[in-house]
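Asker:
There are 2 protein chains.
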Amino acid sequence: MTTIRDVAKKAGVSVATVSRYLNDSGYVSGEAARAVADAVKELKYELNPVARSLNTKKTNIIGLIVPDITNPFFPELARAVEDVALTYGYTVILCNSDENPEKEKNYIETLRKKYIDGFIVTSNQLDAPHYANIPLPIVALDRAINANIPTVASNNREGAGIGTRALLERGCKKILFLRGPEELNPANDRYEGFMDVIRHSGIEHHVAICPFHFTESEKIVESILQEQKDIDGIFASSDVSAAGALKAANTLGISVPDELQIVGFDGIAMGEMLSPGLTTVAQDIYKMGAIATRVLIKRIENQTEEQHFYEVPVELKIRGTTRSVEE
Amino acid sequence: MTTIRDVAKKAGVSVATVSRYLNDSGYVSGEAARAVADAVKELKYELNPVARSLNTKKTNIIGLIVPDITNPFFPELARAVEDVALTYGYTVILCNSDENPEKEKNYIETLRKKYIDGFIVTSNQLDAPHYANIPLPIVALDRAINANIPTVASNNREGAGIGTRALLERGCKKILFLRGPEELNPANDRYEGFMDVIRHSGIEHHVAICPFHFTESEKIVESILQEQKDIDGIFASSDVSAAGALKAANTLGISVPDELQIVGFDGIAMGEMLSPGLTTVAQDIYKMGAIATRVLIKRIENQTEEQHFYEVPVELKIRGTTRSVEE
DNA sequence: CTGAAAGCGCTTACAG
DNA sequence: CTGAAAGCGCTTACAG
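Heads up: the protein sequence lines correspond to chains A and B, in order.
Note that the UniProt record's numbering numbers the first sequence so that position 327 is 327, with each residue one more than the last.
Note that the UniProt record's numbering numbers the second sequence so that position 260 is 260, with each residue one more than the last.
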């Protein structure tokens, strides 16, 4: 392995000069620069980043903490993070937290020791003590806001309003809202958004708590639909639960969208694979990941950071689980 | 930050002794051990892994290279890798290659410099020069085998035979086989498996090349079904293309499974969300990832490695896109 | 069983 | 503009 020392010798300068040249820090005369450049080329020298890290306490590695990469929302996010990170010369470590504070804490601790540069976190635990005064740049994604942590999220409340209105405009008279877990901020915001619109609509509505989980949602919706046969609209606060609802309807022989219209929330790719395709309030998941990564890297590199909260717009995607708007 | 030096001083021994104690390498007297242990506890000392890495050239980090984490096959794999890695005290860097040899090569190069300990790779590029004599432990997943690289894969050929037979047993008279890309080893093996069974069955069959991509598959199948209305069975060599086929059938008003039966391949979670649920030849994706990770870590830790090729069994999952077996 | 010392390969004040 | 030297925090022969 060729080291900075070899380069210095070959170029006839000191290692300090080589280091300055390599890092473009401090002064290096044109002459010295040329000699070093030549030596680097000839020796095919490549800087050892581990040795550098020991000094700088930086690694160009960031951590991405998600509850479970297997949940179809997160791969799209992870892809965006990875893409943008690569652009800036960073590499990303994937951590599945299972929403378990202990696991999260362990990851953060062990990676901090490895001089990881920062974290992008999707978690409800952002107020947990281990986030309180972490000596590392963090950006929160999708969920909870801690006063000190920049956050990027969709406008969940407005999005839910849009989704609700879509159902109303299409003539629904009795709407079932599939509310997500109460511990989840986005789920709560979506609930608020639903209520904002439904409250004054005079339309009958029911709210059921339903985890963002296919099979559970399928069961819950199946039993509700059996009892309340006049439900003609379902707004699910996640696409996965919407998929469960659709499946339940199919099983019961309820025709979608003729007898029952369904709107989901998230915009994951799976939505269009269903039959009929799922109408949904789509988040720009990729964009969320991309922004979060850029914000994090700016923080890491101490660039002045403008905002503290980034809201990504949401878009209604009309597919087959809703009818056309009534005139 | 407290260093090994502080511990040594406090314990009244040399740093060498502390290091030996910490690494459980070489002799340390009971007395010295106790003193060190106490000092470690009192000072809350934590070893600096970066400094260690500079010496050992190991980091307890592995790389996972997948074509695209957004493809629903890979999150399950990634989850398994991450879970098992964590168990052994390793952490994983996620790399999306887009099947691009240059990207792959870059990842390998930059991570090698960072003293990453090894790679798990899903790629068709395993015979590319940059894999030829990589000085790092590698395990190949799902795809191509290079003579020097241990591989874990499903029995694709047998699996395809099982899937084909499932269609035959259920009375299909004209079968469309959705063959994957010709550069993909697993796709080829599945094709062989299909042919093994269909060849001597006397059943009419067609083969269409079809990427593992939903929308493309949907289009391809839609146009084929319009022309050949007597096709009553489709075997897709991936679940995503099976989903496309199902959607096409739904669009055309062809009833599944009554007029057309469909079998997929992969066993990704999405299969059960479709209506009807997708019958598929399921790989044990999690197990594949888990085995690959264990094999890699054994290689990294120089433990003797028994096998060179690991085959994971495949299982037919009957769901709604097929009828019951004819008597 | 233990410690002094060299070494891993870089960065960074500091003096010139 | 440059170099000698200390330092980042560990590991590992080697001599005792």
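Backbone N, C-alpha and C fix where the C-beta goes; we use that ideal spot for every residue, glycine too.
Note that this is a predicted model, so its numbers are computed, not measured.
Does any residue of chain B have a CB that is nearer than 9 Å to the CB of A/K114?
Answerer: yes
Asker: Keeping to the same chain, check which residues put their C-beta closer than 7 Å to that of B/I69; ignore five residues upstream and five downstream.
Answerer: P75, A78, L94, N96
Asker: To the nearest whole angstrom, what separates the beta carbons of B/T293 and B/A140, a pair I think is in contact under 8 Å?
Answerer: Not confirmed; about 13 Å, so no contact.
Asker: Measuring alpha carbon to alpha carbon, tell me which of A/F73, A/V7, A/N60, A/P67 ends up nearest A/K44.
Answerer: A/V7
Asker: Applying a beta-carbon distance threshold of less than 7 Å, which residues of chain A neighbour B/A243?
Answerer: M273
Asker: Which ranges does the alpha helix (DSSP H) cover as unbroken runs of at least 4 residues, wholly within the region 53-109 of chain A, from first to last along the chain?
Answerer: 73-87
Asker: Determine the DSSP secondary structure at A/K287, reduced to helix, strand or coil.
Answerer: helix
Asker: Would B/K173 be called buried (16 or more neighbouring beta carbons within 10 Å of its own) or exposed?
Answerer: Taking all protein chains shown into account, B/K173 has fewer than 16 neighbouring C-beta atoms within 10 Å of its C-beta and is therefore exposed.
Asker: Which two residues bound the contiguous beta strand (DSSP E) that contains B/Y310?
Answerer: 309-312
Asker: What residues of chain B sit near A/K247, judged by a beta carbon separation below 7 Å?
Answerer: Near A/K247 (Cβ distances below 7 Å), the residues of chain B are M273, S275.
Asker: Give the list of continuous alpha helix (DSSP H) stretches no shorter than 4 residues that lie fully inside the UniProt domain "HTH lacI-type" (2-56) of chain A.
Answerer: Counting only runs of 4 or more, we get 4-11, 15-23, 30-43, 49-56.
Asker: Is B/F177 near B/H200, with beta carbons less than 9 Å apart?
Answerer: In this structure, B/H200 does not lie closer than 9 Å to B/F177 by Cβ.
Asker: Listed from N- to C-terminal order along the chain, which residues in the region 197-225 of chain A have their beta-carbon within a distance smaller than 7 Å of any beta-carbon of chain B?
Answerer: F214
Asker: Spatial neighbours of A/D98 within its chain, please: C-beta separation below 8 Å, excluding the five flanking residues on both sides.
Answerer: Within the same chain, and ignoring the five residues on either side of A/D98 in sequence, the residues whose Cβ sits closer than 8 Å to its Cβ are P67, D68.
Asker: Taking 9 Å as the CB-CB cut-off, is B/C95 touching chain A?
Answerer: yes
Asker: Quick one, which residues of the UniProt domain "HTH lacI-type" (2-56) of chain B are near chain A if we go by CB-CB under 9 Å, in chain order?
Answerer: E46, L47, N48, P49, V50, A51, S53, L54
Asker: In angstroms, rounded to a whole number, what distance separates the CA positions of B/S53 and B/F309?
Answerer: 31 Å
Asker: Does any residue of chain B bring its CB to less than 9 Å from the CB of A/V139?
Answerer: no
Asker: Along the chain, where does the alpha helix (DSSP H) containing B/D196 start, and where does it finish?
Answerer: According to the DSSP assignment, B/D196 belongs to the alpha helix (DSSP H) that extends over 185-198.
Asker: List, in order along the chain, the chain B residues whose C-beta lies closer than 9 Å to that of A/P75?
Answerer: One finds D68, I69, T70, N71, P72, F74, P75, A78 in chain B with Cβ atoms closer than 9 Å to the Cβ of A/P75, taken in chain order.
Asker: According to the neighbour-count rule (16 or more other Cβ atoms, all chains shown, within 10 Å of its Cβ), is A/I108 buried or exposed?
Answerer: buried
Asker: Quick one, which of A/R143, A/N156, A/K113 has its alpha-carbon nearest A/L136's?
Answerer: Of A/R143, A/N156, A/K113, the smallest CA-CA separation from A/L136 is found for A/K113.
Asker: Pull up the distance between the alpha-carbon of A/N250 and that of B/A248, whole angstroms please.
Answerer: 17 Å
Asker: Taking the alpha-carbon of A/P101 as reference, which of A/Q226, A/Y115, A/S123 has the nearest alpha-carbon?
Answerer: Closest option to A/P101, judged by alpha-carbon separation, among A/Q226, A/Y115, A/S123: A/S123.
Asker: If you scan the region 126-171 of chain A from start to end, which runs of the beta strand (DSSP E) of 3 or more residues do you find wholly inside it?
Answerer: 138-141, 151-154
Asker: Using a Cβ cut-off of 9 Å (strictly closer), state whether A/D258 contacts chain B.
Answerer: The beta-carbon of A/D258 is placed no less than 9 Å from the nearest beta-carbon of chain B.
Asker: To which residues of the same chain is A/N60 closer than 8 Å at the C-beta, ignoring the five residues directly before and after it?
Answerer: P49, G89, Y90, T91, D117
Asker: Near B/N148, what residues of its chain come up, given a Cβ to Cβ distance below 6 Å and the 5 sequence neighbours on each side ignored?
Answerer: none
Asker: Pick helix, strand or coil for B/Q228, following the three-state DSSP scheme.
Answerer: coil
Asker: Where do the N-terminal and C-terminal ends of the beta strand (DSSP E) with A/D266 fall, by residue?
Answerer: In the DSSP assignment, A/D266 falls within the beta strand (DSSP E) that extends over 261-266.
Asker: Between the alpha carbons of A/D266 and A/P72, how many angstroms are there, rounded?
Answerer: 10 Å
Asker: Can you list, in chain order, the residues of its chain with a C-beta nearer than 8 Å to that of B/E182? Leave out the 5 residues immediately preceding and following it.
Answerer: These residues qualify, in order along the chain: N188, I209.
Asker: Quick one: give me the first and last residue of the alpha helix (DSSP H) that A/V240 is part of.
Answerer: Start and end: 239-252.
Asker: Please work out which residues of its chain come closer than 7 Å, Cβ to Cβ, to B/A245, disregarding the five sequence neighbours upstream and downstream, and give them in chain order.
Answerer: L178, S217, V221, I234, A236, I262
Asker: Name the chain A residues that come within less than 9 Å of B/L111, Cβ to Cβ?
Answerer: T91
Asker: By DSSP, does A/E222 sit in helix, in strand, or in coil?
Answerer: helix
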